[in-house]
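In this note's numbering, the protein residues as written are 200 to 745.
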């Protein structure tokens, strides 16, 4: 496992992924990611007949890199296959494939995924023998690969309707992508938290119990506060249901990141904030904004604008749902098994620290559990040190030749042009950031939500930093996953280095109704932890006030 060199698997273009993982990928997660990601993505691309044929990933120098290849690259598609692909591309939009996909998701895929998670969760790793634990770790690894595949199988279905709406509306109205995405506010409830029903029930129970309110007001150890709340006669069942719902949900995309249950201070803070002032979500200005934007649409395009907006609103929730019910849960369940494995191996001296277990793969852990030859404690510790000290700033942005520009639209077969425009609009607003220069005191990004927030910046580099977030903080981070929503009740605003109007951070800020500025490029470098900042969700500016 040589992470000291950045040797790609082929001579093509490999671009550093800066939107999912800030640090190198753990040894455990790598094989699941490299196998599951491209397989799922390819299935979704084929389903919609997109001319983007493959979205491969590789771990190079320990970091995640991506390679995008057109369909038929290198002569791998016959003329008949290319014609069939283009025909599928046209049918995907005329027949609105995403509607069928959404129904199948709701009725089959999501229930099956939840059942699979619960089956893994029902196994208590602490009660297993070493052999049984080795088998369970392998099961968690396979489960993670299946869920990574599921996540990305629905990438295209979750983006096509929104991309189609943006492609048309940007041309017809002259509005910004932020203004247009604001029209989708309120259509992705999962983005305000994967346990909102349980949290609402807990808020009601605490509000009705003086003893529970006293427990929350107590300044004790956060874990002790949660324990006492769980046994409170009035609020205990609701507290336990909420904690069970979030305990094994990962904060990030990799088993090196903590699960929510490992951050008791964050959980207590989120519950206190929800009880004190429950967020009401997006405001009621949606109709006003829609009226203003529709007035800018040419009359002959108004019916099509309305139709595309309706479809985008219908499919929008799939973007965050597909992640929340797939690898976000599977990562947390795998981490639970790994920490128990690490506890046993550290007690025997086979690992220097239980946390180091994430930096061995499933086969290596099985060998160590069974007393067979495997990596030494020093070798695994070296992997851990490297992973936890490097960030994407230490990796080259590009390996290989510069990416080729996309073909001009008039070179694309006419039946595939609508899909091509939708894809370009979606991808551009997933990753595109502004190029307005920043200064030492003012940063520029993409505006998400109107409104202004002033407060202390909380710099979050790793998931463990979320345990330091306090009520009213401005979250400043490189990027976010859809899984950090458990901390939302505490936040006053969100600022990121990376991501566009379709990023998870932008979706969450819109749905929760807090100001956000995404894609500043340099917020984590220029804003010190604790600095007082002003976030303007209308102009897309972030100012340091001290």
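Heads up, the beta-carbon is just placed ideally off N, CA and C, and yes, glycines get one too.
Strand pairing of residue i, partner residues [DSSP]
{"i": "residue 253", "result": "268"}
{"i": "residue 715", "result": "647 and 693"}
{"i": "residue 346", "result": "BP columns for residue 346 are empty, so no partner."}
{"i": "residue 733", "result": "653 and 742"}
Residue from the options whose Cα sits closest to the Cα of residue i
{"i": "residue 287", "options": "243, 696 and 256", "result": "243"}
{"i": "residue 422", "options": "314, 463 and 633", "result": "463"}
{"i": "residue 665", "options": "475, 351, 684 and 611", "result": "684"}
{"i": "residue 375", "options": "646, 595, 744 and 311", "result": "646"}
{"i": "residue 461", "options": "471, 447 and 360", "result": "447"}
{"i": "residue 669", "options": "439, 345, 473 and 349", "result": "473"}
{"i": "residue 347", "options": "268, 502 and 453", "result": "453"}
{"i": "residue 529", "options": "717, 623, 231 and 631", "result": "231"}
{"i": "residue 739", "options": "649, 526, 455 and 549", "result": "649"}
{"i": "residue 225", "options": "558, 432, 213 and 322", "result": "558"}
{"i": "residue 213", "options": "674, 433 and 268", "result": "268"}
{"i": "residue 608", "options": "711, 250 and 233", "result": "250"}
{"i": "residue 679", "options": "281, 662 and 491", "result": "662"}
{"i": "residue 467", "options": "488, 490 and 442", "result": "442"}
{"i": "residue 620", "options": "550, 324, 359 and 332", "result": "359"}
{"i": "residue 626", "options": "672, 325, 362 and 301", "result": "362"}
{"i": "residue 470", "options": "438, 449 and 489", "result": "438"}
{"i": "residue 301", "options": "493, 210 and 517", "result": "517"}
{"i": "residue 401", "options": "228, 444, 659 and 419", "result": "444"}
{"i": "residue 325", "options": "228, 425 and 535", "result": "535"}
{"i": "residue 334", "options": "566, 492, 392 and 371", "result": "566"}
{"i": "residue 622", "options": "247, 527, 403 and 344", "result": "247"}
{"i": "residue 265", "options": "495, 588 and 255", "result": "255"}
{"i": "residue 273", "options": "253, 257 and 263", "result": "253"}
{"i": "residue 270", "options": "245, 711 and 539", "result": "245"}
{"i": "residue 601", "options": "694, 203, 211 and 714", "result": "211"}
Alpha carbon of residue i to alpha carbon of residue j, nearest angstrom
{"i": "residue 726", "j": "residue 436", "result": "41 Å"}
{"i": "residue 308", "j": "residue 215", "result": "31 Å"}
{"i": "residue 480", "j": "residue 399", "result": "Note that residue 480 scores 48 on pLDDT, short of 50, meaning its location in the model is unreliable; the coordinates nonetheless yield the value given after this. About 13 Å."}
{"i": "residue 298", "j": "residue 514", "result": "7 Å"}
{"i": "residue 605", "j": "residue 506", "result": "28 Å"}
{"i": "residue 595", "j": "residue 700", "result": "25 Å"}
{"i": "residue 259", "j": "residue 218", "result": "16 Å"}
{"i": "residue 379", "j": "residue 368", "result": "8 Å"}
{"i": "residue 413", "j": "residue 406", "result": "11 Å"}
{"i": "residue 478", "j": "residue 597", "result": "Reliability fails at residue 478, whose pLDDT of 49 lies under 50, so the model's placement of it is uncertain and no value is given."}
{"i": "residue 568", "j": "residue 546", "result": "12 Å"}
{"i": "residue 533", "j": "residue 686", "result": "22 Å"}
{"i": "residue 397", "j": "residue 388", "result": "14 Å"}
{"i": "residue 293", "j": "residue 504", "result": "15 Å"}
{"i": "residue 499", "j": "residue 610", "result": "27 Å"}
{"i": "residue 385", "j": "residue 745", "result": "35 Å"}
{"i": "residue 428", "j": "residue 434", "result": "7 Å"}
{"i": "residue 724", "j": "residue 279", "result": "51 Å"}
{"i": "residue 732", "j": "residue 349", "result": "39 Å"}
{"i": "residue 671", "j": "residue 689", "result": "6 Å"}
{"i": "residue 742", "j": "residue 338", "result": "48 Å"}
{"i": "residue 331", "j": "residue 323", "result": "11 Å"}
{"i": "residue 409", "j": "residue 341", "result": "46 Å"}
{"i": "residue 639", "j": "residue 722", "result": "10 Å"}
{"i": "residue 291", "j": "residue 281", "result": "15 Å"}
{"i": "residue 236", "j": "residue 525", "result": "12 Å"}
{"i": "residue 549", "j": "residue 303", "result": "46 Å"}
{"i": "residue 658", "j": "residue 276", "result": "48 Å"}
{"i": "residue 455", "j": "residue 229", "result": "11 Å"}
Exposure label - residue i; buried when at least 16 CB within 10 Å
{"i": "residue 364", "result": "buried"}
{"i": "residue 486", "result": "exposed"}
{"i": "residue 416", "result": "exposed"}
{"i": "residue 734", "result": "buried"}
{"i": "residue 221", "result": "buried"}
{"i": "residue 509", "result": "exposed"}
{"i": "residue 718", "result": "buried"}
{"i": "residue 615", "result": "buried"}
{"i": "residue 543", "result": "buried"}
{"i": "residue 490", "result": "exposed"}
{"i": "residue 425", "result": "buried"}
{"i": "residue 318", "result": "exposed"}
CB contact below 8 Å: residue i versus chain B
{"i": "residue 301", "result": "Checking the listed chains, one finds no chain B in this structure; it contains a single protein chain."}
| request: With a floor of 3 residues, list each beta strand (DSSP E) that falls wholly inside the region 479 to 532, ordered by position along the chain. | output: none
**Prompt:** What are the uninterrupted segments assigned as alpha helix (DSSP H) that are 4 or more residues long and contained completely in the region 654 to 712, given in chain order?
**Reply:** 703 to 711
- [ ] At 4 residues or longer, and completely inside the region 410 to 480: list those alpha helix (DSSP H) runs for me, N to C.
- [x] 421 to 429, 435 to 445 and 463 to 475
**Prompt:** For the region 260 to 347, which segments carrying the beta strand (DSSP E) assignment without a break, of at least 3 residues, lie completely within its bounds, in sequence order?
**Reply:** 262 to 269
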